[in-house]
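Just below is one structure, and these are the notes that go with it.
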């Protein structure tokens, strides 16, 4: 079976974003998909230096935990990106990860292709304490746009609102839905 890497972008382990990722992983596990959860706050991921060294080599020159994460991304067929909305955007932990994906752009003339090919699939989740899209801000877009540019096929974009009044721990119906979505995502990466 193919493997999935789940990037949990919240610094709050055991809370809404983390629990949502766990339910998606549970769905993957139920159909035999190997999934590794990476809690970004536990990794040393420096910001992109904007040095453009990776344009020539395809390799980031910044030496930190992204070296290991890059290897995992290259091997994975499926990627899950989950971030709560912090000030209408992704967390700083998720932003550092997304920015460091820049080394996968293969520039040629006035355009680029992806060094990752076009077989990777992703599930993107934005979580918000507020009640609607306005509260979510750019959270989903900040993850989706760079992934699309890298030819990663976005299988599903999920949002979960109103965590202040309706935390995921109290929403059994949505937890069941997340498990099913995890299964569907796992099946989609195995269908190539």
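Residue numbers (the UniProt record's numbering): 1 to 192. C-beta atoms are modelled at their ideal positions from N, C-alpha and C, and glycine is treated no differently. Keep in mind it's a predicted model, so treat the numbers as computed, not measured.
Asked, Found
"What do you reckon, are the CB atoms on residue 115 and residue 106 nearer than 7 Å?", "yes"
"Do you know offhand how far residue 84's Cα is from residue 67's?", "25 Å"
"How close, in whole Å, do the beta carbons of residue 132 and residue 160 come, if the pair is a contact with beta carbons under 8 Å?", "With 8 Å as the limit, residue 132 and residue 160 do not qualify as a contact, their Cβ atoms being about 12 Å apart."
"Could you check whether residue 130 and residue 139 sit closer than 7 Å to each other, using their CB atoms as the reference points?", "no"
"Output needed for residue 170: all residues of its chain with C-beta closer than 8 Å, excluding positions within five of it in sequence on either side, in chain order.", "none"
"Could you tell me which of 172, 111, 39 and 157 sits nearest to residue 150, measuring between CA atoms?", "111"
"Short check: CB of residue 8 to CB of residue 37, under 7 Å?", "yes"
"Between residue 153 and residue 183, is the Cβ-Cβ spacing less than 7 Å?", "no"
"What residues are listed by DSSP as bridge partners for residue 106?", "113"
"For residue 178, tell me which candidate among 48, 156 and 190 has the shortest Cα-Cα distance.", "156"
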